[in-house]
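Trainee: Pasting a structure below so you can have a look.
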Amino acid sequence: MIDLKNISLQFDARLSAIKSYDAQRSELTAEYRRELEKIKIIDPEMNTMLPAYSGAKLLEPGKLIHSFPYSWKNRHEAMEWADSMLCGVAVGAVDGSQIYSDKNYEMPIAVLQTSRIFNRHTGDYKQETEATIITPDEFEAASVYSFGSEYVDARRFAQECDGIIRLMKEHERLWVLLDGALILSHINVLNRNIREIYVKAIMKLLDTSEKTCSPVTGYIDTTMPRDITLMMHFLFKLKKSKLADTHLFSHLLWGERTAAFLCDRDDRRGEEAKSVLDNYGRFRNEIAFFYIRLSNGLPARVEFPVWVFKEGMVDKLADIIRAQCVIRSNYPDILMRAHEAALIRMNEHALFYGMLENFCRAHGIKINKSAKHFHKIINR
């Protein structure tokens, strides 16, 4: 049981450190916002002042903040607008979940489950869910720790990308949402063999998106990148900081978005190392993004291929995401449907391990279970 009393005492003892962090963040936010006035109207010619790995580059000329002209009196009016935006528009999404292999059962077997959702908003709606297992020989062939999460997570991402590719090939001119980023900075700390699974999957996804003219969009609800703040550091000689971009735009009204930027993230682990985008081949300079306010919290981040901007499709993309968030109240409906369909609940983990035990018993395969795990289950 968590020791709430001791944690409460720790909060009191460290109040000054927590308040200091908040005060510093507020001061930095105010300083950077003042400098934002200098790019209130964006001129991409300013990119000549930026070095490589500048965090971001200016992409969409014109206003920095794109207003949202609609103000509804009630939810009925909002839904009417959403229906008008989505009627006949083909939208898809894929999400996944997993059961990691558990050393309490000795046998390294994991489960991956993905769900594909397609909705043309004309009554044409499809949902498909698939589950697969990862067996001991696959962990061994990948030279990874069988009871860790990294390899399973990478395989899940690859399976989600494969699901999106299937949707793109089955349906023309599809707008597809992925729950997460297209710029996979977290993989820079992973072993090369696992990192390559992610890179191969994302490059195949971006290639198919381009060939099928189906925009793939990464939607990140809670996000902490520092791409624009790093760009501002170089443009305006500001002190380099760890201030997240989202704090610059926390004043946006619902539906407002920023201009689109080109991502040039510096997530290198040392100056001689590569950034994650350096591994993207011809897509190195082909990922754009904007921030958009769709909830009471900080803005969400939307990532998409640069060709979507070149084809003049950014406003349409923003409207589709707004409409999706009207349906589900502040989060894209199609993504939530995919999540709900793919989710493996905790009580279902026990069902899986029961199946595993029965399978092994039926085939004469011995499983040595942990005694500690047995007592944990009894104590529940």
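Numbering (this note's numbering), first residue to last: 184 to 563. Think of the CB as a built atom: it goes at the ideal place given N, C-alpha and C, for glycine as much as any other residue.
What are the residues that DSSP puts in a beta bridge with H564?
Mentor: As displayed, the chain neither begins before 184 nor continues past 563, which places residue 564 out of reach and without an answer.
Trainee: How about L241 and N257: do their beta carbons lie closer than 7 Å?
Mentor: Indexing the sequence shown from 1 puts residue 241 at position 58. Indexing the sequence shown from 1 puts residue 257 at position 74. Not a contact, by the Cβ cut-off of 7 Å.
Trainee: Start and end of the alpha helix (DSSP H) containing E313?
Mentor: Within the sequence shown, numbered from 1, the residue matching residue 313 stands at position 130. No alpha helix (DSSP H) contains E313, which is instead part of the beta strand (DSSP E) from Y308 to I317.
Trainee: Relative to the alpha-carbon of R451, which residue among R544, E313 and V372 has its alpha-carbon at the smallest distance?
Mentor: The sequence position of residue 451 within the sequence shown is 268, counting from 1. The option with the nearest alpha carbon to R451 is V372.
Trainee: Can you find the residues in the same chain that come closer than 6 Å, C-beta to C-beta, to R511, ignoring five residues on each side of it along the sequence?
Mentor: Walking along the sequence shown from the start, residue 511 turns up at place 328. Excluding residues within five positions, the ones whose Cβ falls inside 6 Å are M519.
Trainee: Under DSSP, the beta strand (DSSP E) around G240 begins and ends at which residues?
Mentor: Here residue 240 refers to the residue found at position 57 when the sequence shown is read from its first residue. Going by the sequence as given, residue 240 is Lys instead of Gly. Looking at the DSSP string, the run of the beta strand (DSSP E) that includes K240 is G238 to L241.
Trainee: CA-CA distance, H558 and K549?
Mentor: Indexing the sequence shown from 1 puts residue 558 at position 375. Indexing the sequence shown from 1 puts residue 549 at position 366. Because the pLDDT of H558 is 44, which lies under 50, any placement of that residue in the model is unreliable, and the number read from its coordinates should be weighed accordingly. Spanning the two alpha carbons is a distance of roughly 20 Å.
Trainee: Does at least one heavy atom of the ligand HEM sit under 6 Å from the Cβ of Y381?
Mentor: This structure lacks the ligand HEM, and indeed carries no ligand of any kind.
Trainee: Suppose contacts are defined by Cβ-Cβ distances below 7 Å. Is Y308 in contact with L360 by that definition?
Mentor: For this step, residue 308 is matched to residue 125 along the sequence shown. For this step, residue 360 is matched to residue 177 along the sequence shown. Contact: no.
Trainee: Pick out whichever of R197, R208 and L192 has its Cα sitting closest to the Cα of H430.
Mentor: For the purposes of this step, residue 430 is taken as residue 247 along the sequence shown, with counting starting at 1. Among R197, R208 and L192, the Cα nearest to that of H430 is on R208.
Trainee: Report yes or no: do three or more beta-carbon pairs, one from the stretch 282-299 and one from the stretch 309-323, lie closer than 8 Å?
Mentor: Verdict: yes, contact present.
Trainee: Which of the three DSSP states is assigned to R511 in this structure?
Mentor: Here residue 511 corresponds to residue number 328 of the sequence shown, with the count starting at 1. Three-state DSSP puts R511 in a helix.
Trainee: Kindly indicate which residue of S237, V335, P234 and M262 has the alpha-carbon position closest to the one of R378.
Mentor: For the purposes of this step, residue 378 is identified with residue 195 of the sequence shown, where counting begins at 1. Closest by alpha carbon: V335.
Trainee: Buried or exposed, going by whether 16 or more other CB atoms sit within 10 Å of the CB of I475?
Mentor: Numbered from its first residue, the sequence shown carries residue 475 at position 292. With 16 or more Cβ atoms within 10 Å of its Cβ, I475 is classed as buried.
Trainee: For A554, which residues of its own chain have a beta-carbon under 7 Å away from its beta-carbon, when the five flanking residues on both sides are left out?
Mentor: By one-based count along the sequence shown, residue 554 stands at place 371. Note that A554 has pLDDT 49, beneath the 50 cutoff, so the model's placement of it is unreliable and the number below is only indicative. Taken in chain order, the list of residues that qualify is empty.
Trainee: What does the Cβ neighbour count give for I565, buried or exposed, with the cut at 16 atoms within 10 Å?
Mentor: Given that the chain is displayed from residue 184 to residue 563, the structure contains no residue 565 and the question cannot be resolved.
Trainee: Give the straight-line distance between the Cα atoms of L435 and L477, rounded to the nearest whole angstrom.
Mentor: Position 252 of the sequence shown, counted from the first residue, corresponds to residue 435. Position 294 of the sequence shown, counted from the first residue, corresponds to residue 477. Rounded to the nearest angstrom, the two C-alpha atoms are 9 Å apart.
Trainee: Across which residues does DSSP place S191 in a beta bridge pair?
Mentor: Residue 191 sits at position 8 when you count from the first residue of the sequence shown. Answer is none; S191 lacks a bridge partner.
Trainee: At which residues does the alpha helix (DSSP H) containing S392 begin and terminate?
Mentor: On the sequence shown, residue 392 is found 209 positions in, with the first residue counted as 1. Its alpha helix (DSSP H) spans residues R375 to T395.
Trainee: Roughly how many whole angstroms lie between the Cα atoms of G275 and A506?
Mentor: Against the sequence shown, residue 275 aligns to sequence position 92. Against the sequence shown, residue 506 aligns to sequence position 323. Taking the straight line joining both Cα atoms gives about 14 Å.
Trainee: Assign N468 to buried or exposed, taking buried as 16 or more other Cβ atoms, counted over all protein chains shown, within 10 Å of its Cβ.
Mentor: Taking the first residue of the sequence shown as 1, we reach residue 468 at position 285. Exposed: under 16 other Cβ atoms inside 10 Å.
Trainee: State buried or exposed for A206, treating a residue as buried only when at least 16 other CB atoms are found within 10 Å of its CB.
Mentor: The count along the sequence shown starts at 1 and reaches residue 206 at position 23. Label assigned to A206: exposed.
Trainee: Return yes when the Cβ of L350 is within less than 7 Å of the Cβ of L211, no when it is not.
Mentor: Along the sequence shown, one-based indexing puts residue 211 at 28. Along the sequence shown, one-based indexing puts residue 350 at 167. Not a contact, by the Cβ cut-off of 7 Å.
Trainee: Quick one: Cα of H304 to Cα of I503, how far?
Mentor: As a working mapping, residue 304 is identified with position 121 in the sequence shown. As a working mapping, residue 503 is identified with position 320 in the sequence shown. Looking at the two C-alpha atoms, the distance is approximately 12 Å.
Trainee: Suppose contacts are defined by Cβ-Cβ distances below 7 Å. Is M496 in contact with A239 by that definition?
Mentor: Residue 496 sits at position 313 when you count from the first residue of the sequence shown. Residue 239 sits at position 56 when you count from the first residue of the sequence shown. No, these two residues do not count as a Cβ contact at 7 Å.
Trainee: Can you give the Cα-Cα distance for A521 and I348, rounded to whole angstroms?
Mentor: Locating residue 521 in the sequence shown gives position 338, where the first residue counts as 1. Locating residue 348 in the sequence shown gives position 165, where the first residue counts as 1. Computed Cα separation, rounded: 15 Å.
Trainee: Would the beta-carbon of L388 fall within 7 Å of that of C344?
Mentor: Here residue 388 refers to the residue found at position 205 when the sequence shown is read from its first residue. Here residue 344 refers to the residue found at position 161 when the sequence shown is read from its first residue. Against a cut-off of 7 Å, the Cβ pair of C344 and L388 comes out as a contact.
Trainee: What are the boundary residues of the alpha helix (DSSP H) that includes Y204?
Mentor: Mapped onto the sequence shown, residue 204 falls at position 21. Taken as a continuous stretch (DSSP letters only), the alpha helix (DSSP H) holding Y204 covers L198 to L219.
Trainee: Rounded to a whole number of angstroms, what is the C-alpha to C-alpha distance between C543 and R528?
Mentor: The residue you call residue 543 lines up with position 360 of the sequence shown. The residue you call residue 528 lines up with position 345 of the sequence shown. Their backbone Cα atoms lie some 23 Å apart in a straight line.
Trainee: Go ahead and pull the three-state DSSP assignment for N230.
Mentor: To locate residue 230, count along the sequence shown from 1; it is residue 47. In this structure, N230 counts as helix in the three-state DSSP scheme.
Trainee: Residue range of the beta strand (DSSP E) that I282 falls in?
Mentor: Locating residue 282 in the sequence shown gives position 99, where the first residue counts as 1. Residues V274 to I282.
Trainee: Which partner residues of G401 appear in the DSSP bridge assignment?
Mentor: Walking along the sequence shown from the start, residue 401 turns up at place 218. Answer is L361 and E486, bridged to G401.
Trainee: Starting from the C-beta of L365, find all residues in its chain whose C-beta is less than 6 Å away, skip the five residues before and the five after it, and write them out in chain order.
Mentor: The residue labelled residue 365 in the question sits at position 182 within the sequence shown. Cβ within range, chain order: G401, I470 and E486.
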